[in-house]
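Peer 1: Have a look at the structure that comes next, please.
In the UniProt record's numbering, the protein residues as written are 1 to 206.
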């Protein structure tokens, strides 16, 4: 997710001016739910590393550190207040608590995979860690998947823009990353919510 008022040119300028701090803070804040283009800033950092303006390993380290720390904060938010908020939202949407408990159980069984894979999916990158906290996923287990997911995501994003950026414009790389993230989100949303919606509909009809 990103703010439309922040142009790619502004992001490149930000990454060029503040370097590794821009990458670290950008992805950290995006993981906290603040609509900053953290992934785009990371791609810009890798692109600048490819042109020799930044160091590849420091950009990668900044991206991973920001993602891990942001995910950690998200987990703590979910662990110590997320379930109460979810119940409140459920009441507003008239979703029975039993259904939310069911969803919680289903997510709990796949929490580790979701935390890891969620790094590559729009929106899920923001909500996977708080959801892991809500289902009370063991902290050490969460951190293992959090670090693994952040490392894999960071390596793919930074390496993609570092190497491909030498022959492909940054604008194209950002567009490809956004298209992949949205497509993945739609697939995951359909996989999770369509069966839930069908079951909810059958319950109301019976």
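Every residue, glycine too, gets a C-beta built ideally from N, C-alpha and C.
If we count the other Cβ atoms within 10 Å of its Cβ and call it buried at 16 or more, is residue 2 buried or exposed?
Peer 2: On the chain shown, position 2 is the one that residue 2 refers to. With a pLDDT of 43 at residue 2, under the threshold of 50, the modelled position of this residue cannot be trusted; read the value that follows with caution. Counting other Cβ atoms within 10 Å of its Cβ, residue 2 reaches 16 or more and is therefore classed as buried.
Peer 1: Given residue 173, which residues of its chain have a CB within under 8 Å of its CB, disregarding the five upstream and five downstream residues?
Peer 2: By one-based count along the chain shown, residue 173 stands at place 173. Hits under 8 Å: 43, 47, 160, 161, 164, 165.
Peer 1: Have a look at 20, 53, 49, 121 and flag the residue whose alpha-carbon is nearest the alpha-carbon of residue 64.
Peer 2: By 1-based counting over the chain shown, the position of residue 64 is 64. Closest option to residue 64, Cα to Cα, is 20.
Peer 1: Rounded to whole angstroms, what's the CA-CA distance from residue 119 to residue 71? Just pull it up for me.
Peer 2: Your numbering for residue 119 matches position 119 in the chain shown. Your numbering for residue 71 matches position 71 in the chain shown. If I take the Cα positions, the gap works out to 10 Å.
Peer 1: Among the residues of its own chain, which have a CB less than 8 Å from the CB of residue 11, if the five just before and after it don't count?
Peer 2: In the chain shown, the residue the question calls residue 11 occupies position 11. Around residue 11: 37, 40, 41, 44.
Peer 1: Between residue 7 and residue 23, what straight-line distance do the alpha-carbon atoms span, to the nearest angstrom?
Peer 2: Residue mapping note: residue 7 aligns to position 7 of the chain shown, counting from 1. Residue mapping note: residue 23 aligns to position 23 of the chain shown, counting from 1. If you take the alpha carbons of residue 7 and residue 23, they lie about 16 Å apart.
Peer 1: With 16 other CB atoms within 10 Å as the buried threshold, where does residue 30 fall?
Peer 2: As a first step, residue 30 must be located in the chain shown, where it is residue number 30. With 16 or more neighbouring CB atoms inside 10 Å of its own CB, residue 30 falls in the buried class.
Peer 1: Within the same chain, show all residues whose beta-carbon is closer than 7 Å to that of residue 60, passing over the 5 residues directly before and after it, in chain order.
Peer 2: Taking the first residue of the chain shown as 1, we reach residue 60 at position 60. Once the five neighbours on either side are set aside, the close Cβ partners of residue 60 are 154, 155, 158.
Peer 1: Residues in the same chain with beta-carbon distance under 6 Å from residue 125, minus the five sequence neighbours each way, listed in chain order, please.
Peer 2: Here residue 125 corresponds to residue number 125 of the chain shown, with the count starting at 1. Hits under 6 Å: 118, 119.
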